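Protein chains in written order, with the working numbering: chain B, 18 to 185; chain P, 2 to 107.
Here's the structure we're looking at; comments come further down.
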């Protein structure tokens, strides 16, 4: 086992552990904070997979923008741990959720493990740089790229319009 | 950077595990905001699989797709939270068990 393998396993353990916290803790703010840990661990794995630009975007867009927005709304609505009937009080629902998730995971995982894959091998020069990302999204993904810009504009206007006060 | 001998299945299994942890969160959470958070977790699990396969095949298509997924996730979070704020003004709760206005009152 090399150092890179050990680093990958540490990051993977962090990602799994903190995502389990995201779906189990009672306090909404703690769940969002756990999700930030998950995103940082994922950004580390992205760096190991030569996706340097996406690792930076992961931190800036997800941890920096989306989760701040979620935390802001949770605090604006003043949600606390006891406000919502949590699944801890609903044993049947929790059991069915675990059964569905674990059984589907086992089904897909057994298929994946039956496929023979070689190691990652060496990466080509320049994989994951800003230049290559730009070439991909502007040359290969022209239409989705333009559609995403329209989508973001519509979502911004729509969010402001939906969340406005009626008397304003 | 990653060990060239590492089996790509490890990355796919990690992605799969995170995806189903997120799915568990979506079906068991009763707080609508935390359901949205669980959906973000599932989207990130998919991003991880895309980046892993992008690295495996030395092809940038997967990473380009991740950029689009991030844009859609941001739009989804903004709109979802706006709807929840509007809903909270109306009902004073975000518990989805209370969202049964279409239910037969009898």
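We treat Cβ as the ideally placed atom computed from N, Cα and C, and that holds for glycine.
Keep in mind it's a predicted model, so treat the numbers as computed, not measured.
Look at residue 183 of chain B here: in three-state DSSP terms it is coil, with no helix or strand label. Burial is judged here by how many other beta carbons sit within 10 angstroms of a residue's own beta carbon; residue 55 of chain B has at least 16 and is buried. Using a Cβ-Cβ distance cut-off of 8 Å, the segment 58–78 of chain P and the segment 149–167 of chain B are in contact, since at least three pairs of beta carbons, one from each stretch, lie closer than that value. Approximately 7 Å separates the beta-carbon atoms of residue 78 of chain P and residue 87 of chain B; this is inside 8 Å, confirming the contact. According to the DSSP assignment, residue 136 of chain B belongs to no alpha helix (DSSP H), since it is labelled neither H nor E. DSSP, reduced to helix, strand and coil, places residue 32 of chain P within a strand of the structure shown. The beta carbon of residue 19 of chain P sits closer than 8 Å to some beta carbon of chain B. Residue 44 of chain B carries a coil assignment under DSSP once its states are collapsed to helix, strand and coil.
Relative to the Cα of residue 144 of chain B, the nearest Cα in the group B:72, B:27, B:28 and B:57 belongs to B:72. Around the beta carbon of residue 150 of chain B, 16 or more other beta carbons sit within 10 angstroms, so the residue counts as buried. Sequence-distant Cβ neighbours of residue 70 of chain P in its own chain, meaning closer than 8 Å and more than five residues away, are 44, 47, 48 and 51. Below 8 Å, too few C-beta pairs join the segment 105–120 of chain B and the segment 56–63 of chain B to call them touching: fewer than three. Sixteen is the threshold: when 16 or more other Cβ atoms of the shown chains lie within 10 Å of the Cβ of residue 67 of chain B, as they do, the residue is buried.
For residue 84 of chain P, the closest of B:78, B:172, B:19 and B:20 by C-alpha to C-alpha distance is B:172. The straight-line gap separating the alpha-carbon atoms of residue 93 of chain P and residue 93 of chain B is approximately 12 Å.
For residue 57 of chain B, none of the residues of chain P pass the 7 Å Cβ criterion, the least Cβ distance being about 11 Å. For the segment 136–162 of chain B, the set of residues with a beta-carbon nearer than 8 Å to any beta-carbon of chain P comprises 136, 137, 138, 139, 140, 141, 144, 145, 149, 150, 152, 153, 154, 157, 158, 161 and 162, in chain order. A residue is called buried when at least 16 other Cβ atoms come within 10 angstroms of its Cβ; residue 18 of chain P meets this threshold and is buried. In the three-state DSSP reduction, residue 96 of chain P falls in the strand class (E or B). Minimum Cα-Cα distance from residue 34 of chain P among the listed residues B:85, B:170 and B:117 corresponds to B:85.
In this structure, the CA atom of residue 175 of chain B is about 42 Å from the CA atom of residue 24 of chain B. Contacts with chain B at 8 Å (Cβ-Cβ) include residue 41 of chain P. Taking 8 Å as the upper bound for CB-CB distance, residue 134 of chain B and residue 9 of chain P are in contact here, some 5 Å apart.
Within chain B, the residues 126 and 129 have their CB atoms less than 7 Å from the CB of residue 14 of chain P, given in chain order. The three-state secondary structure of residue 109 of chain B, taken from DSSP, is helix. As the crow flies, the alpha-carbon of residue 25 of chain P is around 8 Å from that of residue 117 of chain B. Shortest Cα-Cα distance from residue 121 of chain B to any of P:88, P:21, P:32 and P:73 involves P:21.
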